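Visitor:
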Amino acid sequence: MAPLDSHLDDQCPASDLEQAVLQRLGVEEGWTSKHEKPSFMLTAHHEAMQRTRLHLVEGGRWLLASTNGAIVVYDLIKPQEKGQMVVPPPAGSTGRRITSNLSVDILRDAPSLTFNVAIAQDDLEPDDPDDEYVWTHFWRFTMQGHGISAKLQATFLNSFRTIGDMMAVNAVCLGGSLYARAMEYLYEGSCVEVYSWEDSGVHLHLKAVFPHAHQCDYIRLLPNNRVLILAEAHIDLYGIPAFETVPSSTNGYRGSKIASCNSLILPGTKFFRGAISPLLFEQQDQCKFTCSTNEGIFVVTISPSFSSACMIRAFKSHEEVVITDVVIGIRRVYIRHYAQAELWSYDIDQPTISTKASPPKSTSRQFITDDCPSNLTPVMDESSGRVAMAGSNSSLAVFYYSLFDRVRSI
Numbered sequence: 330m331a332p333l334d335s336h337l338d339d340q341c342p343a344s345d346l347e348q349a350v351l352q353r354l355g356v357e358e359g360w361t362s363k364h365e366k367p368s369f370m371l372t373a374h375h376e377a378m379q380r381t382r383l384h385l386v387e388g389g390r391w392l393l394a395s396t397n398g399a400i401v402v403y404d405l406i407k408p409q410e411k412g413q414m415v416v417p418p419p420a421g422s423t424g425r426r427i428t429s430n431l432s433v434d435i436l437r438d439a440p441s442l443t444f445n446v447a448i449a450q451d452d453l454e455p456d457d458p459d460d461e462y463v464w465t466h467f468w469r470f471t472m473q474g475h476g477i478s479a480k481l482q483a484t485f486l487n488s489f490r491t492i493g494d495m496m497a498v499n500a501v502c503l504g505g506s507l508y509a510r511a512m513e514y515l516y517e518g519s520c521v522e523v524y525s526w527e528d529s530g531v532h533l534h535l536k537a538v539f540p541h542a543h544q545c546d547y548i549r550l551l552p553n554n555r556v557l558i559l560a561e562a563h564i565d566l567y568g569i570p571a572f573e574t575v576p577s578s579t580n581g582y583r584g585s586k587i588a589s590c591n592s593l594i595l596p597g598t599k600f601f602r603g604a605i606s607p608l609l610f611e612q613q614d615q616c617k618f619t620c621s622t623n624e625g626i627f628v629v630t631i632s633p634s635f636s637s638a639c640m641i642r643a644f645k646s647h648e649e650v651v652i653t654d655v656v657i658g659i660r661r662v663y664i665r666h667y668a669q670a671e672l673w674s675y676d677i678d679q680p681t682i683s684t685k686a687s688p689p690k691s692t693s694r695q696f697i698t699d700d701c702p703s704n705l706t707p708v709m710d711e712s713s714g715r716v717a718m719a720g721s722n723s724s725l726a727v728f729y730y731s732l733f734d735r736v737r738s739i
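The numbering used here puts the first residue of the sequence shown at 330, with every later residue one more than the last.
(1) Excluding the 5 residues preceding and the 5 following V662 in the sequence, name in chain order all residues of the same chain whose CB lies nearer than 6 Å to its CB.
(2) For the pair the stretch 588 to 597 and the stretch 553 to 563, tell me if three or more CB-CB distances fall below 8 Å.
(3) Would you decide whether P576 is buried or exposed? Buried here means 16 or more other CB atoms lie within 10 Å of its CB.
(4) Can you tell me whether DSSP reads Q379 as helix, strand or coil?
(5) Touching or not, the stretch 469 to 476 and the stretch 495 to 511, by the rule of three or more beta carbon pairs under 8 Å?
(6) Do the stretch 417 to 437 and the stretch 392 to 403 make contact, defined as three or more Cβ pairs closer than 8 Å?
(7) Please state the DSSP three-state secondary structure of F728.
(8) Please work out which residues of its chain come closer than 6 Å, Cβ to Cβ, to H532, disregarding the five sequence neighbours upstream and downstream, and give them in chain order.
(9) Counting C-beta neighbours from all protein chains within 10 Å, is the total for P707 16 or more, i.e. buried, or is it exposed?
(10) So for I477, helix, strand or coil by DSSP?
(11) Helix, strand or coil, according to DSSP, for E671 in the structure here?
(12) In whole angstroms, give me the CA-to-CA distance for M602 and S634.
(13) Taking R583 as the reference, give the member of Y516, L609 and T622 with the closest Cα.
(14) Residue range of the beta strand (DSSP E) that S519 falls in?
(15) Could you tell me the distance, in whole angstroms, from the CA atom of S636 to the CA atom of I564?
(16) Name the DSSP beta bridge partners of N591, please?
(17) How big is the Cα-Cα spacing for Q482 and A373?
(18) Please state if the CB of T484 and the CB of Q450 are separated by a distance shorter than 8 Å.
(19) Which first and last residues belong to the beta strand (DSSP E) in which G412 is found?
(20) Please state the DSSP three-state secondary structure of A483.
(21) Hey, could you find the ends of the beta strand (DSSP E) F611 is sitting in?
(22) With a 10 Å radius around its C-beta and 16 neighbouring C-beta atoms as the bar for buried, classify Y729 as buried or exposed.
(23) Within 10 angstroms of its Cβ, does N554 collect 16 or more other Cβ (buried), or is it exposed?
(24) Count the other CB atoms, across all protein chains shown, that sit within 10 Å of the CB of A343; report buried if there are 16 or more and exposed otherwise.
(25) Figure out for me which residue from A638, G714, D404 and T491 has the closest Cα to the Cα of H534.
(26) Please state the DSSP three-state secondary structure of D546.
(27) CB N445 to CB D452, shorter than 8 Å?
(28) Quick check: the Cα distance between L486 and I631, rounded to an integer number of angstroms?
Right, here's the structure in full:
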């Protein structure tokens, strides 16, 4: 389904327009209802969920599931249909080459839904220990057609490989012509790599690299050539250094140490999984977002010259122990406690730059999920009221929280 602020063109049938309006009207009521229990909209067979990465495309219609470098697309307005493999496994790919990260960048200026996808594919246990590598594949998805008959088509854009003594790809972000990732090397430690992905290939990379003291949890690309890093309750804003052409075989190249433009330390010792909202840009060089550590949920504003954090919810000591995920949107928070989950709404007034921000009002309700595995991070779309997660080790599940969709699925 299209995002809340998107334009519905004249080519959509009247029935599709009616469906979109009814769904959008039902979302808010479904989120705030104190009595409705969530219902499964979809339970689909999907092998190797423990090695699958999910992404719910903005608008909530298209669910991407990537395993071993391939992408299967589920159309959530047609739950009776099986997922369609839109991106095949790369040539020579085996079950050992897992999808470690999936990053999506929506092209806002395109006439129809269009987005780029970066698939990070690891092979960190090769036959030859000196041949550890990470492949990154780039594809462009375009929605063809209109209404219920629409389909996603994918076009290959580029691939490149990194060879070295890598331990993990901790976080990634795709934005425009740049692709950022936080790497953990065996001997060199942690660093941040920002690639010009269109200009990088199998043999040469055009990238900017700098070391980072902490193991990164989240990385986000910002306008004006900056990058935001969240690690161990630390928030750091950096300017991206100059790009260099580096051979892909240069093991553990970490660049030169640089100073951050601004930093902020939140209460707590770690960030939860899924615990950063989309970024909002209020003024030039200033962004605002919501994030969560094991101490609570915070609204953060940061720029090169200013930073502030306001706690909008504190976690009790027993909550910290049982929380597995905190998935944050611009207005909604989905908190999972193993077999329980909580939907939490928050509202932030038009912000003003102040050292003391007033906590927003919030409402919440409790419900019990099905016995879904807790080892994979759920994904959420606010405009459609949907949450997707692993339903078991061989299936995925999509919950509807929109009242209209719940009635429609019965």
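Using N, Cα and C, we set each Cβ at its ideal position, and we do this for glycine too.
What you are looking at is a predicted structure, and each value in this text was computed from that prediction instead of being measured.
Guide: Checking against the coordinates, here is how it stands:
(1) W673
(2) yes
(3) exposed
(4) helix
(5) no
(6) yes
(7) strand
(8) S577
(9) buried
(10) helix
(11) strand
(12) It is worth fixing the name first, because residue 602 is Arg in this sequence and not Met. So the two alpha carbons sit approximately 28 Å from each other.
(13) Y516
(14) G518 to S525
(15) 10 Å
(16) L566
(17) 21 Å
(18) no
(19) Looking at the DSSP string, G412 is not in any beta strand (DSSP E), and its letter there is neither H nor E.
(20) strand
(21) The residue you asked about is not Phe; residue 611 is Glu in the sequence shown. From DSSP, the beta strand (DSSP E) with E611 extends over L609 to Q612.
(22) buried
(23) exposed
(24) exposed
(25) T491
(26) coil
(27) no
(28) 34 Å
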